[in-house]
Amino acid sequence: QVQLVESGGGLVQPGGSLRLSCAASGSTFSIYAMDWYRQAPGKQRDLVATITTSGNTYYVDSVKGRFTISRDSAKNTMYLQMNGLKPEDTAVYYCNARQALQTYWGQGTQVTVSS
37 QVQLVESGGG LVQPGGSLRL SCAASGSTFS IYAMDWYRQA PGKQRDLVAT
87 ITTSGNTYYV DSVKGRFTIS RDSAKNTMYL QMNGLKPEDT AVYYCNARQA
137 LQTYWGQGTQ VTVSS
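This is the structure in structure tokens:
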């Protein structure tokens with residue numbers, strides 16, 4: 037079992053920045069990749085960024101150049117640095133952790149970009 041806890045969401049003005057954190061605990065040794073997803077009201081949950089245990093990263097086009105995914109293995113924590121935030125980035129952001137047979141999800145953290 038893996039437990040994930042997100043934090044760092046909030047209200048920010050357009051152009052502002054936030055850093056989300058996802059702290060993992062439990063059987064973290066078998067995680068091979070972690071992702072950030074987001075879900076806006078009335079929309080499906082979409083992938084935002086991925087980081088593997090080897091450090092490879094992937095970003096959807098809409099956040100490239102603005103968001104940076106990273107991880108601190110010693111702290112079992114993944115981060116999403118979000119710069120240049122836009123109103124369309126408003127959503128609940130979820131982290132997940134992938135193992136061979138199961139994927140775990142956090143509870144989500146709200147990000148609202150508004151003036």
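One gets the working numbering by counting positions in the sequence shown from 1 and adding 36 to each.
Yeah, the Cβ is synthetic: ideal placement off N, Cα and C, and Gly gets one too.
What you are looking at is a predicted structure, and each value in this text was computed from that prediction instead of being measured.
If you draw a straight line from the Cα of F65 to the Cα of V84, it comes to about 23 Å. Rounded to the nearest whole angstrom, the C-alpha separation of A60 and M114 is 8 Å.
The Cβ atoms of V149 and P77 lie no closer than 8 Å to each other.
For A59, the secondary structure class from DSSP, reduced to helix, strand or coil, is strand. Residue burial annotation: N92 is exposed, with fewer than 16 other C-beta atoms found within 10 angstroms of its C-beta. With contacts defined by Cβ atoms closer than 8 Å, Q138 and E42 do not form a contacting pair. A110 sits in a helix when the DSSP states are folded into three classes. Assignment of S66 by DSSP, reduced to helix, strand and coil, places it in the helix class. Taking the CA atoms as reference points, A136 sits about 20 Å from C58. Taking the Cβ atoms as the reference, V128 lies roughly 5 Å from Q75, within the contact range of under 8 Å.
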